[in-house]
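Below is one structure, written out as structure tokens; the observations come after it.
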Amino acid sequence: MAATLAAQKRNRAALNRHQAAKARHDRRGWQMDRRKRTRQLIELGGLVKKAGIVEITGDDRTLIFGALLWMADRLEGEKSEHARKVWRNWGRAAFEIEAKEKAGK
């Protein structure tokens, strides 16, 4: 009886591994689009975290969303090119500092 239960457990584990591998290699268009979107959302969330927004706001989602809406409004306003230039330079500088810190370790 114990041998049968152990064999069932191994078979179930093998089936789960097979299904997981099959899901990872799914190449249907909608599945690829979904993975791409998920990756993008994770990266954007990482930028929010890296900027310290989560800690600064105490993870207040309404505050974070409001700040993002304000930023979007600035990017669509009259001085959008200036805002883009300033924010891009800040971002580039932060990435360069981070890269130097990693290289120095």
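Numbering of the sequence shown is given in this note's numbering, commencing with residue 9 and proceeding in unit increments.
Where a beta carbon is used, it is the ideal one built from N, C-alpha and C, also for glycine.
In the DSSP assignment, arginine 47 falls within the alpha helix (DSSP H) that extends over 37-58. The residue from Lys87, Ala101 and Leu55 with its alpha-carbon nearest to that of leucine 76 is Leu55. Counting only the Cα atoms, alanine 59 lies some 20 Å from alanine 111. In the three-state reduction of the DSSP assignment, aspartate 81 falls in the helix class. One thing to note: leucine 83 has its Cβ no nearer than 9 Å to the Cβ of arginine 96. Assigned with DSSP and collapsed to three states, histidine 33 falls in coil, not helix or strand. Put simply, the backbone Cα of tryptophan 38 is about 45 Å away from that of methionine 9. Taking 9 Å as the cut-off, the beta carbon of isoleucine 72 is found closer than this to the beta carbon of isoleucine 61. By alpha-carbon distance to arginine 69, the top candidate from Asp81, Gly53 and Ala80 is Gly53.
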